[in-house]
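In our numbering, the protein residues as written are 15 to 390. We put the CB at the ideal spot given by N, CA and C, even for glycine. Predicted, not measured: the structure shown is a model, and the values here were computed from it. In what follows, a single structure is set out as C-alpha cells and then discussed.
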Amino acid sequence: MPALLVALAVCLSVVFLHLDRTMPAVAWLWFSEAEARAARQILAVTAGSLITVISVAFSVTMIALQQAATQYSPRILRNFTRDRGNQIVLGTYIATFAYSILVLREVRDATDAVAGFVPALSVTMAMVFAMVSLGMLIYFIHHVAQSLQVPFVLQSIRDELQPELESLYPTELGESPSVELPPDEASRRLGLTLLQERPRLYELRSSSEGHLASVDERQIKELSGRGVRFVWIPVQVGSYVHRWQVIARYCCDDERERPDIDACMVASMIFSAQRSMRQDVLFGIEQMVEIAVKALSPGINDPATAKQSLTSIAAVLAQLIRREFPPAARTFEGGEKHCSPGRRSRTMPTPGFRNCDGLREATTASPCTFWMSLGS
C-alpha cells in the first residue's frame with residue numbers, strides 16, 4: 015500500500031505540473047500570484063515537517079509492536095504489520111513528502127535568461143495533502159491506541175479466522191447425508207489400502223523445509239487422469255516439514271508418469287517460514303491461547319485479559335463443534351480415494367481442544383479463570 019501511494023503521488027505531481035505549464039493560473043488558487051520564494055518555502059517546510067512526522071509514526075509503530083509482542087504474543091505481530099490503516103497512514107506521509115520534493119525542484123526564480131515558474135496548482139495541492147496528513151496523524155494516534163486493547167486484538171484474530179472456518183467447514187452438523195467412519199475403522203481401511211497397494215506405492219519427499227501453509231486439493235484431484243488411484247498426505251497443514259521428509263504417498267499404474275506427478279504434487283503444496291491462518295484454524299486458536307497463558311504468567315498476572323481470551327476461544331470452539339468435518343479420505347472423479355490434510359477430519363485430533371492443554375495448566379494458578387475455563 016505505501017508503494018502504491020508513492021507511485022500515485024509521483025503521477026499526480028507530473029499531472030499537476032503539466033496543468034500548471036499549459037493552463038493559466040486561476041484567481042482562486044492561493045499561489046496564483048505568489049513569488050517563487052514563498053512557494054519554495056511552503057514546499058520545503060511541508061517536506062521537512064513530514065520527515066519528522068514519519069520518524070515519529072515509525073517510532074510509535076515500533077513501540078506498539080514491542081508492546082504487543084511483550085504483553086500478548088509475538089505471533090500477532092503480523093496482524094499489526096498487515097493492518098490496512100497503518101499502511102495507509104504511513105503511505106500518505108511518504109507520498110506527500112515525495113510529492114513536495116518533486117514539485118519543489120520545478121520552482122524557478124525569474125532571471126534574464128530563464129522565465130520564472132511558480133506551479134500554483136501543484137503548490138496548492140501540496141498544502142491540501144499536508145492537511146490530509148495532519149488528519150491522518152490524529153487518526154493514527156487513535157488507531158494505535160485502539161489496536162493495543164485486548165478486545166481489538168482478539169477480534170482481529172477472529173475476523174481473520176472466520177472466513178477460514180466457513181471455507182474449510184462449510185456444512186453444519188446434520189446437513190450432510192454422508193456418515194463418516196469411526197476413527198478406528200477409518201485407520202484400519204487406510205492401513206489395508208496401503209498394504210494392498212504396496213507394490214505400486216511411491217513416496218514423495220520434500221526438497222525444502224518450512225511450515226506447510228496450504229494444499230490445493232483441486233490439483234491433487236486432477237492426478238486421477240494420470241493413473242493415480244490413491245494419494246495419502248501424512249502431514250497436516252501448519253506442521254513443520256523437514257528436508258527429505260515424506261510429504262505424500264500415492265499409487266500410480268504408470269511409473270513413467272512419476273516425474274510429472276511429483277511436480278504436480280509439489281506445486282499443490284505451499285511451504286512458508288511462518289504459519290498463517292490459511293487452511294490452518296489451529297493457528298488462530300493457538301494465538302488466543304498464548305495470549306491467555308501469557309496474561310496468567312507471574313510477570314504479567316492479568317486475569318481480565320485471560321478471561322476475554324477464554325471467551326473468544328470458547329466462541330470459536332462452539333462454531334467448530336457445530337460444523338461437519340469432512341472425512342479423511344475423499345473421492346476422486348473415478349471413484350478412488352485420496353487423503354489430504356487441507357481440512358482436518360474427526361479421525362484426527364479435534365482442532366482446538368488439544369491446543370488448550372497449556373491453558374488448562376495456566377488457569378490452575380488463578381481460581382477465577384479456572385472456573386471460567388471449566389464453564390467454557
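DSSP on residue i, reduced to helix/strand/coil?
i, result
"S222", "coil"
"I275", "helix"
"E217", "strand"
"V255", "strand"
"F285", "strand"
"Y153", "helix"
"R263", "strand"
"R243", "strand"
"V167", "helix"
"V249", "coil"
"S311", "coil"
"R358", "Its pLDDT being 46, under 50, R358 is placed unreliably by the model, and the measurement read from it follows with that caveat. Coil at R358, not helix or strand."
"S228", "strand"
"R51", "helix"
"R35", "helix"
"R172", "helix"
"R337", "strand"
"L22", "helix"
"M141", "helix"
"V193", "Low local confidence applies: a pLDDT of 46 at V193 is under 50, so the model's placement there is unreliable, with the coordinate-based value given in what follows. Here V193 sits in coil by DSSP."
"P177", "helix"
Is the beta carbon of residue i sitting closer than 8 Å to the one on residue j?
i, j, result
"M76", "T106", "no"
"V70", "T319", "no"
"I56", "V146", "no"
"I152", "P16", "no"
"Q301", "I90", "yes"
"V295", "L168", "no"
"A447", "S27", "In this structure the chain extends from 15 to 390, so residue 447 is not present and cannot be described."
"A78", "L162", "yes"
"I305", "V330", "no"
"Q333", "L179", "yes"
"R272", "C266", "yes"
"A58", "D123", "no"
"D303", "I335", "Correcting the residue type first, residue 303 is Val in the shown sequence and not Asp. No, they are not a contact pair."
"Q160", "F166", "yes"
"L215", "R263", "yes"
Who are the near neighbours of residue i in its chain, counting only those whose CB is closer than 8 Å to its CB and skipping five residues on each side?
i, result
"S354", "Note that S354 scores 49 on pLDDT, short of 50, meaning its location in the model is unreliable; the coordinates nonetheless yield the value given after this. Cβ within range, chain order: V229, E231, I234, V245, I247 and R344."
"L104", "P16, I68, A71, F72 and T75"
"P363", "Annotation note: pLDDT 41 at P363 (below 50); position unreliable, coordinate value reported separately. Excluding sequence neighbours, P363 sits near nothing in its chain."
Looking only at its own chain, which residues have a Cβ that is under 6 Å from the Cβ of residue i, when we skip the five neighbours before and after it?
i, result
"V260", "E217 and R219"
"T110", "L64, F143 and S147"
"S170", "N93"
"H157", "G99"
"F131", "R122"
Output needed for residue i: all residues of its chain with C-beta closer than 7 Å, excluding positions within five of it in sequence on either side, in chain order.
i, result
"L135", "F30, L33, D34 and L43"
"W258", "R219 and S220"
"E223", "V255, H256 and R257"
"Q101", "M15 and P16"
"S286", "G224, H225 and A227"
"K308", "Y86, S87 and I314"
**Contiguous alpha helix (DSSP H) assignments of at least 4 residues, all confined to the segment 89-134** = 91-95 and 98-118
**Prompt:** Given 8 Å as the limit, is there contact between the segment 106-118 and the segment 80-95, that is, 3 or more CB pairs closer than that?
**Reply:** no
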